[in-house]
Amino acid sequence: MSAETVELVLDPYSYDFHEDPYPYYRRLRDEAPLYRNAELNFWALTRHADVHRGFRNSTGLSNRLGVSLDPISRNPEAYRTMSFLAMDDPGHQRLRTLVSSGFTPRRIRELEPRVRELTTGHLDTALESESFDYITDFAAKLPMDVIS
Numbered sequence: 002m003s004a005e006t007v008e009l010v011l012d013p014y015s016y017d018f019h020e021d022p023y024p025y026y027r028r029l030r031d032e033a034p035l036y037r038n039a040e041l042n043f044w045a046l047t048r049h050a051d052v053h054r055g056f057r058n059s060t061g062l063s064n065r066l067g068v069s070l071d072p073i074s075r076n077p078e079a080y081r082t083m084s085f086l087a088m089d090d091p092g093h094q095r096l097r098t099l100v101s102s103g104f105t106p107r108r109i110r111e112l113e114p115r116v117r118e119l120t121t122g123h124l125d126t127a128l129e130s131e132s133f134d135y136i137t138d139f140a141a142k143l144p145m146d147v148i149s
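When we follow this note's numbering, the leftmost residue of the sequence shown carries the number 2, and every step to the right adds one.
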């Protein structure tokens, strides 16, 4: 008797993956730490040391086309909507340094009342509808409102 091997396929859009991604992550780390999904055209690094090195290699692993797997969103203009997430160093580091200097522990404490106000406002507006899209109506708005 032989054990059947199930093909390792990472589909970030699958229901099973969203319900419990951890078995997928475990298999990827064990069987394919550098994983390629040709159909969706992405690579996945799953071991901490590899991810750490990858973050420091913007020549080989670039974000300049964006960080979305959606093909329509992956383009040289991605930085216009994704800000510095869709930038490589040195531009990414320059903007990250500018932004992070405004988020010291003291400044975060000072911002807390405003963040609570913004959060309540966005949630109140969203809850006025019968339904709402959490990402569009809340999560996408709050960070930009906080840093602006």
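Note that beta-carbon positions come from the ideal geometry of N, C-alpha and C, so glycine has one too.
Query: Cβ pair count under 8 Å reaching 3, the stretch 8-24 against the stretch 33-48; Result: yes
Query: Beta-carbon spacing of Ala87, Gly67 below 8 Å; Result: yes
Query: Extent of the continuous beta strand (DSSP E) to which Arg37 belongs; Result: Leu35 to Asn38
Query: Cβ neighbour criterion (16 or more within 10 Å) applied to Ala79; Result: buried
Query: Cβ-Cβ distance between Thr120 and Leu143 below 8 Å; Result: yes
Query: Own chain partners of Ser74 with C-beta closer than 7 Å, once the 5 adjacent residues on each side are dropped; Result: Gly67
Query: Extent of the continuous alpha helix (DSSP H) run through Phe18; Result: Tyr16 to Glu20
Query: Presumed contact (8 Å Cβ cut-off) between Asp89 and Arg65, rounded CB distance; Result: 5 Å
Query: N-terminal and C-terminal residue of the beta strand (DSSP E) that Ala45 is part of; Result: Phe43 to Leu46
Query: Simplified DSSP state of Gly61, which is helix, strand or coil; Result: coil
Query: Phe139 beta carbon less than 8 Å from that of Leu124; Result: yes
Query: Through-space distance from Gly61 to Glu131, alpha-carbon basis; Result: 46 Å
Query: Euclidean distance between Cα positions of Arg28 and Glu20; Result: 16 Å
Query: CA-to-CA distance, Phe85 to Leu96, given in whole angstroms; Result: 7 Å
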